[in-house]
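Please read the structure below before turning to the comments.
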Amino acid sequence: MHITMIGGGYVGLVSGACLAAFGADVTVIEHDPTRLDRLKAGEVPIYEPGLEDLIAEQRQAERLTFSGNLAPALQKSRAVFIAVGTPTRRGSGHADLSYVHAAARAIAAHAPDNLLIVTKSTVPVGTGRQVAAIVRQARPELTFHIASNPEFLREGHAITDFMDPDRIIIGLEDISDTTSPARSLLEDLYAPLKEPKSRLLFMGLESAELTKYAANAFLAMKVTFANEMADLCEATGGNITDVTRGMGMDPRISAHFLTPGPGYGGSCFPKDTQALATSARQAGTPTQLIETTIAANEARKRRLAERVLTLAGDNIIHSTIAVLGLTFKAHTDDMRQAPSLTILPLLHEAGATLRVYDPQGMEAARKLLPEGITYAHSPLHAAEDADILLILTEWPEFIPITPAQLAPRMRGTLILDYRQIWQEKTWRDAGFRYHCLGMRHPT
Ligand code: NAD
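For the sequence shown, the UniProt record's numbering assigns the number 1 to the initial residue and increments by one for each residue that follows.
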């Protein structure tokens, strides 16, 4: 079966390569010429563990190709997936659907009869029907089918998530038609999964679109809840690790997404919470929980920057802060909406000297962070002459760093571990002032 994937970003590349591994012939269409050239030359323009090998393998097997030309790919395709970006529209919480609409118009111009058009991008409720309306208006004579198949992969674990998903949500126009071409085509495409029947969840288009936003908003809310409980622990003498362990052993709650941190970020939670809140307001059913989550997360990033300034005291202008980790989480080079993008400019504005290190995010960070920041070539290089060391991302390579390595390099002794990657006792015993989130510390 030949399929076309529009969009060669995180989702399009991973989905395209994985569907090729399932046996489909896949053409990924990318409109950015630089990105396309890199893909054609065998380079992978994003960092995602295992993706480079998988793409190379599938290209070698001639099941995966990259192109900038939609028409010929569509002509031989039975399905086209829209996997383009849906960022927040400037100046509002709305999802910017211009890429989705442009893809729909391009599909309409070249679609063969009986094509299945699948929205994989995260889109507000109602978008699938808008896509259908765009195609119908441009080509009233065309027979086509539509489906929604939102993607749940996590950056850093994208291939395993795609190959071994908890569930695959499929939204159909007519859920009562159990023999619809859309349903059977998607069943065929996902048949190579282990136990596909128990993973495919069919529902209406609107429900599928809402499920993706509801899931992300719920997780964002859970992270924010853990952050607020961490603050309460700090104020009252509790220990957040114990509290969340105790909560998480209840299967109704689960231990996932209960680790406190400097606020959620990334390409999904911030924009998806905004878009869901906006859809809900428009529908006349505002979601107070989500609105509050968004505000609390914004405030948290600023508050944790202020905490650094408070602990640094009057000396901030003469302070050097080593920052370990810039990306919004480990195992990705994605800097979109990373807490570092709020926290570091505030420290920089206050006059601190910043020496930063991230294993994957520095190239993107250079374009987003203020001028005058030093980019180190290793965590220990970042720590040289630092008064304060601040951990913002839980990269595994930071975990084995020892007090014996930092003591001779750092000028000061203050460590702010906003990801709980180290043990307080180890650092305190070695003479450091170690602060993490969610517990009281001697000052
Ligand atoms: P991305 O920005 O990394 O990639 C989008 C790609 O599409 C870009 O390379 C862009 O140049 C290309 N593109 C845009 N319009 C095009 C067109 N008309 N023709 C060809 N190429 C086009 O975005 P992403 O992170 O892959 O996300 C895509 C969608 O999937 C978004 O809606 C996002 O919310 C959703 N999603 C993302 C993740 C994630 O972890 N990144 C997870 C689940 C869902």
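Glycine included, C-beta positions come from ideal geometry on N, C-alpha and C. Since we're looking at a predicted model, the values are computed, not measured.
Check: Start and end residues, beta strand (DSSP E) containing H435; Outcome: 433-436
Check: Where the beta strand (DSSP E) containing residue 444 begins and where it ends; Outcome: The first residue shown for the chain is 1 and the last is 443, placing residue 444 beyond what the model contains.
Check: Near the ligand SAM: R154 beta-carbon under 8 Å from a heavy atom; Outcome: This structure simply doesn't include the ligand SAM; it includes the ligand NAD instead.
Check: Whether F432 touches Y190 by CB criterion (9 Å); Outcome: no
Check: Among F398, T241, K301, L258, the one whose alpha carbon lies nearest that of P270; Outcome: K301
Check: Collapsed DSSP secondary structure at D166 in the structure displayed; Outcome: coil
Check: Contact test: Y10 Cβ vs the ligand NAD heavy atom, cutoff 8 Å; Outcome: yes
Check: Three-way DSSP call (helix, strand, coil) for A147 in this model; Outcome: strand
Check: Between the CA atoms of A305 and G263 - distance to the nearest angstrom; Outcome: 11 Å
Check: Whole-angstrom C-beta distance between D334 and G246, which should lie under 8 Å; Outcome: Contact doesn't hold; Cβ gap of about 32 Å is too wide.
Check: CB of C209 within 9 Å of CB of G128, strictly; Outcome: Rather than Cys, the amino acid found at residue 209 in this sequence is Glu. Yes; because the gap between Cβ atoms is below 9 Å, this pair is in contact.
Check: Helix, strand or coil at L153 according to DSSP, with G and I counted as helix; Outcome: coil
Check: Simplified DSSP state of D25, which is helix, strand or coil; Outcome: strand
Check: Nearest-angstrom Cβ-Cβ length linking T293 and T320, presumed shorter than 8 Å; Outcome: About 34 Å; that fails the 8 Å criterion.
Check: Backbone CA spacing between residue 447 and G248 [nearest angstrom]; Outcome: This structure cannot speak to residue 447, because the chain is shown only from 1 to 443.
Check: Heavy atom of the ligand NAD within 8 Å of S148 beta-carbon; Outcome: no
Check: Helix, strand or coil at H318 [DSSP, three-state]; Outcome: helix
Check: Ordered list of beta strand (DSSP E) runs contained in the segment 269-305, each at least 3 residues; Outcome: none
Check: Straight-line Cα distance separating L346 from I168; Outcome: 41 Å
Check: Within 9 Å, strictly: CB atoms of G68 and I107; Outcome: no
Check: For P379 and L324, believed in contact at Cβ under 8 Å, the rounded distance; Outcome: 5 Å
Check: Inter-stretch contact at 8 Å, needing at least 3 Cβ pairs: the segment 250-264 / the segment 226-233; Outcome: yes
Check: Contact check, L36 vs G12, beta carbons under 9 Å; Outcome: no
Check: Three-state class that DSSP yields for D429 in the structure shown; Outcome: helix
Check: Test item: CB-CB of E397 and Q420 under 9 Å; Outcome: no
Check: K194 and E151 closer than 9 Å at C-beta; Outcome: no
Check: From I253, E234, A383, L326, residue whose alpha carbon lies closest to that of R307; Outcome: E234
Check: Cα-Cα separation, D113 to L185; Outcome: 15 Å
Check: For V125, three-class secondary structure by DSSP; Outcome: coil
Check: Cα-Cα separation between L205 and T402, rounded to whole angstroms; Outcome: 52 Å
Check: Residue(s) in a DSSP beta bridge with V80; Outcome: T4, I117
Check: Helix, strand or coil at Y264 [DSSP, three-state]; Outcome: coil
Check: Check: G284 C-beta below 8 Å from any heavy atom of the ligand NAD; Outcome: no
Check: Cβ-based burial, N315 [other Cβ within 10 Å; buried from 16]; Outcome: exposed
Check: The segment 404-424 / the segment 372-390 touching (three or more Cβ pairs under 8 Å); Outcome: yes
Check: Any non-hydrogen atom of the ligand NAD within 8 Å of Y99 CB; Outcome: yes
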